[in-house]
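Undergrad:
Residue numbers (my numbering): 3 to 190.
1. I want to know whether the segment 55 to 63 touches the segment 92 to 100 - three or more CB-CB distances under 8 Å.
2. Count the CB pairs spanning the segment 105 to 119 and the segment 178 to 189 that are closer than 8 Å, and state whether there are at least three.
3. Given this structure, state the Cα-to-Cα distance separating residue 94 from residue 115, to the nearest angstrom.
4. What span of residues does the alpha helix (DSSP H) with residue 148 cover, start to end?
5. From this set, 88, 46, 133 and 119, which residue's C-alpha is nearest residue 156's C-alpha?
6. Can you confirm whether the segment 78 to 88 touches the segment 145 to 159 when touching is taken to mean that 3 or more C-beta pairs between the two stretches lie within less than 8 Å?
7. So is residue 111 buried or exposed if we call it buried at 16+ other beta carbons inside 10 Å?
8. Kindly indicate which residue of 56, 29 and 159 has the alpha-carbon position closest to the one of residue 188.
9. Assign residue 180 to one of two classes, buried (16 or more other C-beta atoms within 10 Å of its C-beta) or exposed (fewer than that).
10. Tell me the DSSP secondary structure of residue 112 in three-state form.
11. Can you say whether residue 33 is buried or exposed, counting buried as having 16 or more other CB atoms within 10 angstroms of its CB?
12. Taking the C-alpha atoms as reference points, what is the distance between residue 50 and residue 57?
What follows is the structure in structure tokens.
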């Protein structure tokens, strides 16, 4: 007569069930708890602008000395409410360095300064030295359309403003976002 070994087979079945279901249960539990060490859903360093705002809606007033336009190119600009002082000068230099670091893609990106229109608007010597810097002024009511102030903004080739960076952000963060956008973009 044959002996039945059901406890042995039952043990093997339960062991296999535990081995294959444990990773699934742990994965579901970790996914639902959303721990910080899991990969984030966004890869951009800047803040996405949730409202639909384009450069054409801002009614920018160009500097009389430069008639070049940013249409059809990515446009990285620094928005400044007050006259351009030390922090503004540093940020303009950072923008120039970012565009130079883009290498062969630097011609796809224009950069500029947009200042709030005041009676005491004077351009600093650094602004006048940089021939690639586009200068614009904006009126105070138009400035209120941008809910953030004194920072970097990035607009796509169609003129839609898509990203905001605070004025104390690292230039490397802007560079990484811009390089990624230029790599996947077919426009501009």
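Glycine included, each C-beta is placed from N, C-alpha and C at the ideal position.
TA: Concretely, from the data shown:
1. no
2. yes
3. Counted from its first residue, the chain shown places residue 94 at position 92. Counted from its first residue, the chain shown places residue 115 at position 113. Cα to Cα, residue 94 sits roughly 8 Å from residue 115.
4. For the purposes of this step, residue 148 is taken as the residue at position 146 of the chain shown. Premise fails: residue 148 is in no alpha helix (DSSP H) and is neither H nor E.
5. For this step, residue 156 is matched to residue 154 along the chain shown. Comparing Cα-Cα distances from residue 156 to each of 88, 46, 133 and 119, the minimum goes to 46.
6. yes
7. Residue mapping note: residue 111 aligns to position 109 of the chain shown, counting from 1. Classification of residue 111: buried, given that the 10 Å Cβ count is 16 or more.
8. To locate residue 188, count along the chain shown from 1; it is residue 186. Selected option, being the one with the closest Cα: 159.
9. By one-based count along the chain shown, residue 180 stands at place 178. With 16 or more other Cβ atoms within 10 Å, it is buried.
10. Position 110 of the chain shown, counted from the first residue, corresponds to residue 112. Strand at residue 112.
11. The residue labelled residue 33 in the question sits at position 31 within the chain shown. Looking at its Cβ environment, which holds fewer than 16 other Cβ atoms inside 10 Å, residue 33 is exposed.
12. Here residue 50 refers to the residue found at position 48 when the chain shown is read from its first residue. Here residue 57 refers to the residue found at position 55 when the chain shown is read from its first residue. In a straight line, the C-alpha of residue 50 is about 16 Å away from that of residue 57.
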